[in-house]
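Presented below is the structure to which this report refers.
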Ligand code: ADP
Ligand code: MG
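In UniProt numbering, the protein residues as written are 31 to 577.
Structure representation (structure tokens):
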């Protein structure tokens, strides 16, 4: 009939505008590489923030003891504790609890969100069993995974740049999320002090920090982005891990970069001589100023600093009246949190549905790449195309009212339909009925619906593969160098990657296709299960002051 023809035209046109031939993917990859360079060159130089995380030491496997992590993603947050056995012991034991975030907490106030999280954390801590107790005299330490763009500029702060995914709380933007969390923990009656925060970002240089007051503290906080956590978690399991990608509600990537390749970082480096003398001045001032209260002794050895950031955090610790022992650990690598979700390029195959989704989103114009590849949006793109077809009479004379509801079709449902292997596509039929209240679909219609899932998932998967190729290019790992046996492992995590098999397969096959057979053999993708959570705990451990 005419209606069918019309609907097929819509599908055909949609498919056409979603095409991702290899030539196009290579352009996307090149654009990603170019943006990476630009983002590293200067602050604000690119849509990609390329945030320096100051994580330049990753877990070694020697970490030992009880560590907590709090992982705030997009849909759920997890609290977890791990018991690390030290050398050869690995992760002896772990427990976690997953809590979904009520939608009203995502758009209410900062205090309401952090109170909710802190209450769950307090609850979880209260249920600590005997074999999971912290070493006596040592406070509990917590890695805080906060999967939103955060600029870390000092030891005790990480400022939220903007919310992404389904979050929108204006007052939090510009706030220090660690301070907000800490205040909330205090409101819960958890005794702690945020001034003692050693963000893992800085822990790298302050590899040994003694704090006289710290024994009274309950928690030590570290903040870490989920990609960085995944990188750390992956690295703990496999030392060849140098890239991590999250494909969950949102999407992001982190990788290990040479310090030399981060021009904007070097812009911040004072000459080492200046550094040492200003540090000495600071310490002498401090000793003078604080001698009246005489909280402790300050001693510094082997001063080697390379960044004013590090200086400012040391200064903060000193002002917070802690005694410090500084080691001469200076690293030549840094972990870059790309915030790749905000990537955009004229080469991205965007459709009218993507444009409308973006325009009506909580963050129009932002996170364009994320909006075509990640879990929060795939199902919604699907709904929009179906709705358009419904308006042309695909489901009969009336448009099913449920189809008008934004986000009613989640990506898990879309993936269930996509994976339907029953001959009569029963899963598709049932979901259409249960969620959209559409019954009496023909097999022919259901096949078209599966085809739509395939178009959307394939485009997303192939575009993520292109992004990965961009990173590998930037790292010089997209080719094989003479005489070098270099292995590259990419740690992946997130619900979309984990559960959407078609997507995962499509991504992996596409990456192989892009790299060619020979190079593909040197590159491996590993699923880093809950890497973002455990990784945060590991980073708290590897930057612990008590080990
Ligand atoms: P977050 O990104 O919030 O930290 P996860 O990594 O657990 O959390 O990812 C959750 C997301 O993964 C969901 O929003 C959803 O889009 C996607 N997802 C979860 N289960 C499935 C599934 N079975 N099939 C496809 N996508 C899924
Ligand atoms: Mg997550």
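No residue lacks a Cβ here, since even glycine has one placed at the ideal position from N, Cα and C.
- The stretch 117-205 contains, as complete alpha helix (DSSP H) runs of 4+ residues, the segments 133-136 and 140-156 (chain order).
- With three or more CB-CB distances shorter than 8 Å, the stretch 37-52 counts as touching the stretch 365-383.
- In the DSSP annotation of this structure, the continuous segment of the beta strand (DSSP E) that includes residue 109 starts and ends at 106-115.
- Near ligand 1, residues with a Cβ at less than 5 Å from any of the ligand's heavy atoms are 103, 104, 105, 278, 279, 405, 441, 442, 445, 524, 525, 526, 529 and 530; the list follows chain order.
- Distance from the Cα of residue 219 is smallest, within the candidate group 155, 276, 543 and 199, for 155.
- As for any alpha helix (DSSP H) of minimum length 4 sitting wholly inside the stretch 429-497, the runs are 441-448 and 456-466, ordered along the chain.
- Using a Cβ-Cβ distance cut-off of 8 Å, the stretch 466-479 and the stretch 495-508 are not in contact, since fewer than three pairs of beta carbons, one from each stretch, lie closer than that value.
- Around the beta carbon of residue 390, fewer than 16 other beta carbons sit within 10 angstroms, so the residue counts as exposed.
- Counting only residues of its own chain and dropping the five nearest sequence neighbours on each side, residue 129 has a CB closer than 8 Å to the CB of 106, 107, 108, 109 and 150.
- Here the alpha carbons of residue 510 and residue 535 stand approximately 24 Å from one another.
- Cβ atoms of residue 203 and residue 176 stay farther apart than 8 Å, at about 13 Å.
- From the listed residues 491, 126 and 66, the smallest Cα separation to residue 158 is found for 126.
- If you compare the alpha carbons of 450, 257, 120 and 428 with that of residue 557, the shortest gap goes to 257.
- Within its own chain, the residues whose Cβ lies closer than 6 Å to the Cβ of residue 413, once the five positions on either side in sequence are excluded, are 439, listed in chain order.
- By the C-beta density criterion, residue 400 is buried, having at least 16 other C-beta atoms within 10 angstroms.
- In this model, residue 97 and residue 441 are separated by some 33 Å (Cα to Cα).
- Within the model, the alpha-carbon separation for residue 386 versus residue 367 is close to 29 Å.
- Under DSSP, residue 534 forms no beta bridge with any residue.
- About 7 Å separates the CB atoms of residue 498 and residue 275; that is less than 8 Å, so the two are in contact.
- With distances taken between CA atoms, residue 194 lies nearest to 397 out of 397, 525, 95 and 507.
- Beta-carbon to beta-carbon, residue 80 and residue 70 are separated by about 5 Å, close enough to satisfy the 8 Å threshold.
- Partner residues in the beta bridge of residue 557, as assigned by DSSP, are 522.
- Burial is judged here by how many other beta carbons sit within 10 angstroms of a residue's own beta carbon; residue 437 has fewer than 16 and is exposed.
- Residue nearest to residue 485 within the set 58, 533 and 495 is 533 (criterion: CA-CA distance).
- Looking at the DSSP output, residue 101 bridges to 108 and 175.
- Counted as a single uninterrupted DSSP element, the alpha helix (DSSP H) harbouring residue 53 occupies residues 52-71.
- It is roughly 8 Å from the alpha-carbon of residue 118 to the alpha-carbon of residue 92.
- Between residue 537 and residue 58, the C-beta spacing is not below 8 Å.
- Non-local beta-carbon contacts of residue 141 in its own chain, meaning distances under 6 Å to residues more than five positions away in sequence, are absent.
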